[in-house]
Amino acid sequence: MDFMFKQLFGHPSRKRITIAFLNAILHRSGRDRIVDVQYENTELAKETEDGKTSRLDVLVFTDRGERINVEIQVVHQHDLPERVLYYWARLFSASLSSGQAYSELPPTIMVTILNYPLFPHETDRFHTVFHLREDEEHFLWSAHIEFHAIDLSQFMVQWKKYRREMKKSAEVPWLMMLSVVDI
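Position one of the sequence shown corresponds to residue 1 (full-length UniProt numbering), numbered consecutively onward.
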């Protein structure tokens, strides 16, 4: 699945497919649509000699000035929330060059597609979106941090129950395609 996913969405010759997929998954339409992407290096080099090298699945920079990382995770990882946060921090901090103002940092969006529930005791929704918000009044700290977790197993459960209502969503055909692949 990982190889197929990278071939389909991570190759410049399939840019239009990647753009359509991102617009559907991020619920973008009209003026908010992504029109163009530039593919970026998916290897995060070590920051120190004994540091960790990481390899991302798909990493793009959009015409809207956003950096978007899409990961597919088939094997259950108990520490996935921390790993996603680590990848986000590396991408976000690497976006700033010497002399640049912090206001020039691009919004960084992480999309993680799984075949298992990431938060099984908290929700039965298949697509959850996270932002950094104040605990009581719920206002955003910054719009530059956004995490999407998409559980394909829960998507199929929801699809079987709410097929008619879900057909209107642009993300459904994409998730259906990813769900039928034996992952």
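Note that the Cβ used here is the ideal one computed from N, Cα and C, for glycine as well. Please read all numbers here as calculations on a predicted model, not as lab measurements.
Residue i - partner residues in DSSP beta bridges
i           : result
residue 132 : 142
residue 104 : None; residue 104 has no bridge partner.
residue 127 : 150
Residue i and residue j closer than 8 Å at C-beta
i           : j           : result
residue 34  : residue 64  : yes
residue 110 : residue 141 : no
residue 70  : residue 40  : no
residue 118 : residue 80  : yes
residue 148 : residue 172 : no
Chain-order list of residues whose beta-carbon lies under 7 Å from that of residue i (same chain, five-residue window excluded)
i          : result
residue 83 : 77
residue 8  : 14 and 17
Proximal residues to residue i (C-beta, below 8 Å), its chain only, five neighbours per side dropped
i           : result
residue 152 : 113, 114, 115, 126, 175, 178, 179 and 183
residue 144 : 92, 105, 106, 107 and 108
Extent of the continuous alpha helix (DSSP H) to which residue i belongs
i           : result
residue 66  : That residue, residue 66, is in no alpha helix (DSSP H); it is neither H nor E in DSSP.
residue 161 : 152-166
residue 122 : Element bounds for residue 122: n/a, residue is neither H nor E.
residue 8   : 2-9
N- and C-terminal bounds of the beta strand (DSSP E) containing residue i
i           : result
residue 112 : 108-114
residue 190 : Residue 190 lies beyond the residue range present for the chain, which begins at 1 and ends at 183; the question has no answer from this structure.
Own chain residues within Cβ distance below 6 Å of residue i, not counting five before or after
i          : result
residue 56 : 42 and 69
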